[in-house]
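Here the structure comes first, spelled out in structure tokens, and everything after it is commentary.
Numbering (the numbering used here), first residue to last: 636 to 952.
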């Protein structure tokens with residue numbers, strides 16, 4: 636039988652993907668698709684030849700993934716999944732690795748938690764080897780690509796990943812299939828005061844609000860604007876406008892504005908329109924020397940502007 640290769644478009648932002656991290660997909664000969672799982676009462680009896688096979692394991696022998704970035708779980712969603720499991724069983728097996736005692740979960744914690752709620756004694760599982768780094772990578776990719784973490788959980792997971800394995804933001808981005816600015820933007824959230832981080836966790840403000848607030852110079856100003864944004868239900872654009880107003884106002888309030896020639900003002904306006912941010916031109920020596928100041932208000936803004944003027948912004952600020 637001739638097998639034709641089907642080219643598929645490479646998915647975006649999935650890095651090496653769960654398939655490459657979780658191991659090969661096994662093909663079964665015709666008529667053997669409905670195979671019977673191997674029941675394991677003692678994980679020490681598991682041999683290498685049984686790796687990647689489907690097993691039934693005692694649910695009480697499975698310890699959670701110590702690198703799981705998700706800290707909060709929607710109880711209603713878990714109850715709905717538990718009801719589905721009661722009615723139809725666990726359709727997709729969890730993935731585990733052998734541990735010193737029993738097994739350690741690699742992927743599928745929602746299924747594991749819901750199966751416990753459903754009262755199951757055993758679970759279908761694929762047993763495979765995995766390093767600690769793969770454990771963290773798989774947990775991150777599974778949550779990023781399937782069910783979003785809240786921004787602070789994701790930021791802490793990225794920080795844990797970078798510090799634990801002593802890698803750069805660029806290396807982390809390449810392995811996880813994210814852009815470097817995405818990694819950096821999340822890590823910067825951890826510079827916010829604890830109160831604002833909790834607002835993000837609780838969904839009272841969005842990551843867009845937080846990125847704009849980070850542009851303020853002090854934590855006191857950040858707290859005040861975050862509380863104002865939450866109480867007044869301000870949009871991200873409204874918060875960005877308040878930040879720009881503070882920054883530009885604080886820079887110009889103590890000195891008189893110089894009178895600029897009309898052609899310089901026209902150039903400023905054209906550059907501002909083209910780049911989508913405030914641009915100032917300061918001249919001296921009869922207009923033969925000077926400087927152009929291009930403002931940015933977040934890392935996203937910086938990356939956007941540098942791309943527009945043809946620069947590589949991959950170097951961290």
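Beta carbons: idealized from backbone N, C-alpha and C, even for Gly.
Identify every residue that forms a DSSP beta bridge with residue 925. 918
On a CA-only basis, which of 876, 758 and 737 is nearest residue 745? Give me that one, please. 758
Beta-carbon gap between residue 816 and residue 934 smaller than 8 Å: yes
Considering only residues of the segment 733 to 806, which uninterrupted alpha helix (DSSP H) runs meet the minimum length of 4 residues and lie entirely inside it, listed in chain order? 744 to 752, 767 to 780 and 786 to 799
Straight-line gap, residue 936 to residue 846 (C-alpha atoms, nearest Å): 10 Å
Rounding to the nearest angstrom, what Cα-Cα distance links residue 603 and residue 825 in this structure? The question about residue 603 has no answer, for the chain in this structure spans 636 to 952.
Starting from the Cα of residue 943, find the closest Cα among 923, 909 and 913 and give me that residue. 909
Residues that DSSP places opposite residue 717 in a beta bridge: DSSP output for residue 717 lists no bridge partner at all.
Would you call the CB atoms of residue 696 and residue 737 closer than 8 Å? yes
DSSP state of residue 818, grouped into three classes? helix
When we look at the beta-carbon of residue 819 and count the other beta-carbons within 10 Å, is it buried (16 or more) or exposed? buried
Tell me, which residues are paired with residue 729 by DSSP? 760
Please determine, among 905, 792 and 720, the residue with the shortest C-alpha to C-alpha distance to residue 705. 792
Where residue 836 and residue 830 are concerned, what is the direct C-alpha to C-alpha distance, given to the nearest angstrom? 10 Å
Less than 7 Å between C-beta atoms, sequence neighbours within five positions excluded: which residues of the same chain meet that for residue 879? 932
Let me make sure I understand the geometry here. Which of 823, 725 and 708 has the alpha-carbon closest to that of residue 690? 725
Using only alpha-carbon positions, find the residue among 913, 917 and 911 that is nearest to residue 964. No answer is possible for residue 964: the residues shown for the chain start at 636 and end at 952.
Tell me which same chain residues have a C-beta within less than 6 Å of the C-beta of residue 832, skipping the five on either side of it? 787
Whole angstroms is fine: what's the gap from residue 926's alpha carbon to residue 823's? 30 Å
Output the distance between the C-alpha atoms of residue 841 and residue 881, rounded to the nearest integer angstrom. 21 Å
Burial state of residue 764 (16 or more Cβ within 10 Å): exposed
Ignore the nearest five residues each way along the sequence and tell me which others in residue 883's own chain have a CB closer than 6 Å to its CB. none
Given a cut-off of 8 Å, decide if residue 848 and residue 874 are closer than it, judged by their beta-carbon atoms. yes
Taking the alpha-carbon positions, what's the residue 799 to residue 774 distance? 15 Å
Here's the rule I'm using: 16 or more other beta-carbon atoms within 10 Å means buried, otherwise exposed. How should residue 700 be labelled? buried
Nearest candidate by alpha-carbon position, reference residue 709, set 785, 901 and 723: 785
Where does the unbroken alpha helix (DSSP H) through residue 900 begin, and where does it stop? 897 to 910
Residue environment, residue 863, which counts as buried when at least 16 other CB atoms sit within 10 Å: exposed
Look at the Cβ atom of residue 692, then the Cβ atom of residue 756, and state whether they are nearer than 8 Å. no
Reference residue 899; option with closest CA among 698, 821, 924 and 867: 924
Distance check for residue 789 and residue 772, CA to CA, integer angstroms please. 12 Å
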